[in-house]
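Be aware that the sequence shown starts at 8, since it is given in my numbering, and climbs by one per residue. Yeah, the Cβ is synthetic: ideal placement off N, Cα and C, and Gly gets one too. Keep in mind the model is a prediction, meaning the values are calculated, not measured.
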Amino acid sequence: MIIFMTHSELVQKRGENPNLQVIDIREADELDTNGAIEGADHISMGRMFIKAAQGELSKDVEMVVYCASGTRAGIVARELSDKGYNILSVTEAFPVKK
């Protein structure tokens, strides 16, 4: 089951679970342009699928993925959730517009 969340909910979730793995799945050039959420790991969308296929991601670690619009994060979360990963997806665009 995939759980979708907002950036505000992500901040709250990080406070509740210090072991939460936050993963930015955008491409490297997008990070250079728009920055990233502090403390997030960077694993591009394609690399996430490769790492999962090679058994390099833990199914025991709760993960949250995000991207520029929420679309890619939703795809990654759906696919990896179907494979047994404990994964959540941020549905809002990043960076958050105020």
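(message) Buried or exposed for A80, going by 16 or more other Cβ atoms inside 10 Å?
(response) Per the 10 Å Cβ criterion, buried.
(message) Let's test the definition: count the other Cβ atoms within 10 Å of the Cβ of S65 and tell me whether it reaches 16, buried, or not, exposed.
(response) Label assigned to S65: exposed.
(request) Using 7 Å as the cut-off, classify the Cβ of S15 as near or not near the heavy atoms of the ligand ZN, replying yes or no. (result) Absence of the ligand ZN is noted for the structure shown, with no ligands found whatsoever.
(request) With a threshold of 16 other CB atoms inside 10 Å of the CB of G46, please say whether the residue is buried or exposed. (result) Looking at its Cβ environment, which holds fewer than 16 other Cβ atoms inside 10 Å, G46 is exposed.
(message) When you compare the CB positions of V72 and S96, do they come within less than 8 Å of one another, or not?
(response) Their beta carbons are under 8 Å apart, which means V72 touches S96 by this criterion.
(message) Restricting to runs no shorter than 3 residues, where is the beta strand (DSSP E) found entirely within the stretch 9 to 67?
(response) For the stretch 9 to 67, whole beta strand (DSSP E) runs of length 3 or above, ordered along the chain, are 10 to 12, 28 to 31.
(request) Consult DSSP for S76 and reduce its assignment to one of helix, strand or coil. (result) S76: coil per DSSP, three-state reduction.
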